[in-house]
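Student:
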Amino acid sequence: TSLYEDLLSTTITTTQSIPSTIARTGRINLTRREINMQIGELFILRINIHLQGSVLDAPELMWAEPQLEPVYQAVRSYLEMDQRVELMQERVSVVGDLLAVLKDQLSHTHAAIRRFE
9 TSLYEDLLST
19 TITTTQSIPS
29 TIARTGRINL
39 TRREINMQIG
49 ELFILRINIH
59 LQGSVLDAPE
69 LMWAEPQLEP
79 VYQAVRSYLE
89 MDQRVELMQE
99 RVSVVGDLLA
109 VLKDQLSHTH
119 AAIRRFE
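Residue 46 in this note's numbering sits at position 38 of the sequence shown, with consecutive numbering throughout.
Shown next, in the form of structure tokens:
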């Protein structure tokens, strides 16, 4: 989980100034390509958190050694895995919402420019 938290932290760092820049200048200082690249990185992170299973599922060792399940659950509880994964999911969702709004805004701007050509 720490790896994914670090990756998400990097993503948040690269996107956190965008809303204040828009509020201050009224402009998006990113190209469509840059936004699409960030959306792609966010999807990779989402896939790793949700679909790879390494964070959310019990390790295969639990099937082979069921007596270790209480130890695994105790460690998982101690490390607050469920809460950390839930927090990561919320943060990914917020960044995803931001990038979706940016992409939508750029699409509208591009469509308006094309109408005037």
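Even glycine gets a Cβ: it sits at the ideal position worked out from N, Cα and C.
Given the structure is predicted, the values throughout are model-derived calculations rather than measurements.
Taking all protein chains shown into account, do 16 or more other C-beta atoms lie within 10 angstroms of the C-beta of L53, making it buried, or fewer, making it exposed?
Tutor: buried
Student: Closest by CA to H106, which one among T22, L15, A82 and M89?
Tutor: The amino acid occupying residue 106 in the given sequence is Leu; His does not appear at that position. Of the candidates T22, L15, A82 and M89, the one whose C-alpha sits nearest the C-alpha of L106 is T22.
Student: So the alpha helix (DSSP H) D65 belongs to, where does it begin and stop?
Tutor: Careful: D65 lies outside any alpha helix (DSSP H) and carries neither H nor E.
Student: For L76 and M45, I'd like the C-alpha separation in whole angstroms.
Tutor: Rounded to the nearest angstrom, the two C-alpha atoms are 42 Å apart.
Student: For a test of the three-state rule: what should DSSP assign to R92, helix, strand or coil?
Tutor: Of the three classes helix, strand and coil, the one that applies to R92 here is helix, per DSSP.
Student: Which two residues bound the contiguous alpha helix (DSSP H) that contains R35?
Tutor: R35 -> no alpha helix (DSSP H), and no H or E assigned at all.
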